[in-house]
Each structure stands twice: as structure tokens, then as C-alpha cells.
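Given below as C-alpha cells:
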């Protein structure tokens, strides 16, 4: 057999394999379902009995439930940027912050799929809030989103004032009807719910009982808090309603079993000490995946996965090369495994962090600075390093703690007298924090007992910080490389709002950035 003949056979086999991998009949469709501000423990599959989530629970029952899924950075824009780019937030330059300018330099998995023949779309909330100038090179204006092309024409009458009129599932149904014959699709369904504001006492109209609500250990137990949590639950159920209806559309179209269905949330509920905070309820997110007979049903996987892992997973499942930009690690082996539990023993921890989430925090003469944190979470501990403990973690008091959404719970905590027996709850939500925090996740899942100052845990803190610092340096994190100031310097897009807030009409962070670094803030 000649070398030429062997080469011809080898090349033919390779072309055949490539053709099979990219055959429209075999390539999976993708439906990504994401809530805005829904906590992991608000879903029945994780044990909640108050919030009714049969749609999410069905995906978990007919697929795989991940118990150790994390968002990398617990705020809308940075969390969603991690999902779409496959990168850790500290690797995303200005997109590590909330309300950023999102650079057109980054590639997003929906458009990578579109380039290989996928029909893509998004309804509701995709990436944001922030400013994006298009997935192509240049600065052209676009109605598109990093999550896809918009499908938002269908609306409905919302049952409560806090709920959006977007018929998310209806728009997905319309999208499905327009998928060209023979093309696989990738669709992002992002509800606004359960983002605030809520209609006060909507739970009463639903005939719910406050005594059935579970109150976390970081809040006082009273009717105000319970009522707020109950109103939140109604909006989580609205998200789940659209999950159920989206599954119905897939079934009617005969595409249910060849569709990878992912259901999750960007971060925890919009309450003090949760949304935007480096505590478990802020970054430990719900995550379930269904994929017909490709994924053995009823499995529970304890491998640690994080938002940067999603993009490479979906690309690999679709037979699309994972680009060099993506530093996340595909969890396709976890999806396709037969068993439950820990599939890969090396997936035993995750890294988390944040920089500036919202405006309203100062440091001397510097305005709109962040609250930089990096953390490591494993099966036993959460260790967090607060790099600027002199700063207020939820924003300055004189600006009403702007890094925390307004709510009945927030107002109740803010009005607690200093002499109150419940003043500790105020401190847990709004007070300054030490440079180090350590929590035993088995004994203290609500993260209220900081062990970092206990000499018995000094070595644990040292070991976890060494691991965290080593891995962050390997990832090129500016914060641990002595260049973290740049995250404060990146401009928040809400220039006029900041000028008004600080009474500084001359404040121009974009101009300041360009003067300091010699490059435009918007790239």
C-alpha cells in the first residue's frame, strides 16, 4: 500500500468525520433559559417546597442537575459576559464591571455557532446592562445583542405590575416557526423576572401563606421580610411558567429530544447580602441540563462548573472548534457520563470575584470605585479576600447603598436603630468587612459566622489564599498582579447619572481613562 493511497484514505475519513460532525440532522439545537436574579434554593429540584418550579424540575428529572454550579461574578452584566465569552470576568477588561462598555474584540458563542450554520435568536434579557457596539469589527449601531438577534414582538398582559409584558415563550415559538429547514438553532430565552420591582403583596392574590416562607439566617424573621420573599417567589414562578411553555413548543415542533436545554439564573435573588455579594446565595446558582437520550436522566452531578465553562461546552457539543479566547473548560464529559456524583475529581473548586458593580462608592478623591473581591469555593469552605476593606462593600451610606436594589427588606434593615437587638442584621448587609472571610459551608451555608480571625483556621486561610493567588496569577488577573486600579478607572456608561449623584458636572471618567492610558475607553 503506497503512502499516497494511505494519505487519500486518511483524508477521506477525516472529511467524512468532519461532515458528520457538522451535519444539520445530527447537530443539536440549543435552548438556553436564564432567569434574572433567581437563587438556587428557590427551585424544587434543590429542595424548595414554597416556590413551585415544575418546569425547571422537569429538566432536572429528565436530564442532569448540577449541585455545584457558580456564576464567577454575581451581577448581571459580568455574569452574562462570562457565559457568552467563555472567559473569567477578571479576564474581560472593562466587562468585569457592571454597566460597562463591552468591547467588540470578544467573540460570543451564539455568533460562532451562526458562522457554522446555526439560526440564532434571543428574547428578553440577553447580555446587559451596558453598551455594546456590535459583534462585527467597527462601531456600527445594532439592535442585536451578544446573545443573538432579537425576537420580542409577542407581548402579553402581565398579571402583576412588576412583571414584564414580553411573551418570552411565545417569542421562542415564533422563532421556531421561522427556523429554516435543515438548520440547527441556538436560542437564548432571558426573563426579566424575578428582577425588581415587585407588586407589593402579590402573594396574597395567589393565596399563599407567609408562614410557609423560609427566612435566611442573615435576616430577621418578620412579616416584612417574609412578604418580600413571597412576592419574589411569585416572579420566580413566572420564569418557570415560560420554561414549561418553551418545552411545549419544542415538543409540538418535534425537536425536544435533539435540543440541549439549559436552565439557570445569572445570580442570586435581589436582596441585601445576596445579589452582587461574594456569599454563597449570591453566586451559587441553579443549573439543570436536558438533552434527549444523550444525557442519562435523573442524575445529580457534584462537579464544580462555572459560567465560563458554558460556551466551550456548547461549542464542543455542536462540533465547533473552541477558540483560544475561551479559558473555561467544557463540561460535556459530565453531561455524557453515566453516573452521578463527582465525575472528574479535579473539578473540586471554583474561583469567584468582583470589581465595580454600581456607582455610589468613593475612596478619597476617587469617584465610582469598586469593591474588589476574589474568592475560592470548594466542598468545605468559602474563602474571600477583600482587597479594599476600607471601602463600603454595598456603596457609601450617603448614597443609600446603591449597590443594593431598593426593596422592603432593604428599607427595613436600613431603618433599624443602632441600639436594636437586630442591628447585627444591618451590619451583615451593609457594614464594612474585614480583609479576609472564611465560612464552613457544611455548618454555615448562609455565611454568617466568619472564621478567618480564629487561630484554629489560620492555616486553612493561608492554604486557600495561596491556591487562589496562584490560579489567578496564571489567569493573568490584573488585581493580583498589582494592576487592579484599572478596574476602577474603566468608565461606567452612566456618565450623566454620576455627575448628578456626586454633584460634579465636570466628572468625565471616559476622558480621564483615555488621558491616563492613552487609549479610548470605548473599544
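In my numbering, the protein residues as written are 1170 to 1692. Ideal Cβ placement from N, Cα and C applies to all residues, glycine included.
- Per the coordinates, the alpha-carbon of residue 1246 lies some 37 Å from the alpha-carbon of residue 1589.
- Assigned with DSSP and collapsed to three states, residue 1552 falls in strand.
- When secondary structure is reduced to three states using DSSP, residue 1387 falls in the coil class, being assigned neither helix nor strand.
- With the rule of 3 Cβ pairs closer than 8 Å, the segment 1642-1660 does not count as touching the segment 1612-1623.
- Secondary structure at residue 1335: strand, using DSSP grouped into helix, strand and coil.
- For residue 1384, the CB contacts under 8 Å within the same chain, skipping 5 residues up- and downstream, are 1390, 1394, 1395 and 1398 in chain order.
- In this structure, the CA atom of residue 1575 is about 12 Å from the CA atom of residue 1563.
- The three-state reading of DSSP puts residue 1518 in strand, counting E and B together.
- Counting only the Cα atoms, residue 1485 lies some 27 Å from residue 1548.
- By the Cβ rule, the segment 1359-1370 counts as touching the segment 1195-1213, because three or more pairs are nearer than 8 Å.
- The C-beta of residue 1325 has fewer than 16 other C-beta atoms within 10 Å across all chains shown, which makes the residue exposed.
- Cβ-Cβ distances below 6 Å link residue 1546 to 1519 in the same chain, with the five nearest sequence neighbours on each side left out; the list follows chain order.
- When rounded, the separation of the alpha-carbon atoms in residue 1516 and residue 1674 is 49 Å.
- Counting along the chain, the unbroken beta strand (DSSP E) around residue 1544 starts and ends at 1542-1547.
- The residue from 1483, 1504 and 1690 with its alpha-carbon nearest to that of residue 1495 is 1483.
- Relative to residue 1297, the option among 1201, 1372, 1244 and 1446 whose CA is nearest is 1244.
- Counting other Cβ atoms within 10 Å of its Cβ, residue 1334 stays below 16 and is therefore classed as exposed.
- If you draw a straight line from the Cα of residue 1376 to the Cα of residue 1403, it is about 11 Å long.
- DSSP lists 1301 as the bridge partner or partners of residue 1271.
- Apart from sequence neighbours up to five positions away, the residues of its chain that approach residue 1670 with a beta-carbon distance below 7 Å are 1528, 1529 and 1568, ordered along the chain.
- With fewer than 16 neighbouring CB atoms inside 10 Å of its own CB, residue 1392 falls in the exposed class.
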